[in-house]
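**Q** In my numbering, each residue carries its 1-based index in the sequence shown increased by 1194.
Yeah, the Cβ is synthetic: ideal placement off N, Cα and C, and Gly gets one too.
My questions will all concern the structure given below.
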Amino acid sequence: MIIPQTLQKAFEKLYAYTNDEKTGIRHSLISDEYVLFFEEAKFTLVACSAFVNYLKLKK
């Protein structure tokens, strides 16, 4: 499967954001300093859903 390099980098950065221990959505409960808001949760859910749909169509 060929994914344009700039799009691949964007997905990699989104993945890095979700893994960040200070602000990432997947690790939001590790620190009490960062409060995850609905907007971030919804954005991540929609973006990841779009990514999965893109990959399904691309195959």
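1. Give me, in chain order, the residues of the same chain whose beta-carbon lies closer than 6 Å to that of residue 1217; leave out the 5 immediate sequence neighbours on both sides.
2. Specify, as a first and last residue, the run of the alpha helix (DSSP H) that residue 1203 falls within.
3. Which residue from 1250, 1240, 1253 puts its Cα closest to that of residue 1208?
4. Inspect the beta-carbon positions of residue 1250 and residue 1195 and report whether they are closer than 8 Å.
5. Ignore the nearest five residues each way along the sequence and tell me which others in residue 1244's own chain have a CB closer than 8 Å to its CB.
**A** Straight from the coordinates:
1. By the criterion of a C-beta distance shorter than 6 Å, residue 1217 is surrounded in its chain by 1228, once the five residues flanking it on both sides are discounted.
2. 1199 to 1213
3. 1240
4. For the 8 Å CB-CB criterion, residue 1250 and residue 1195 do not form a contact.
5. none
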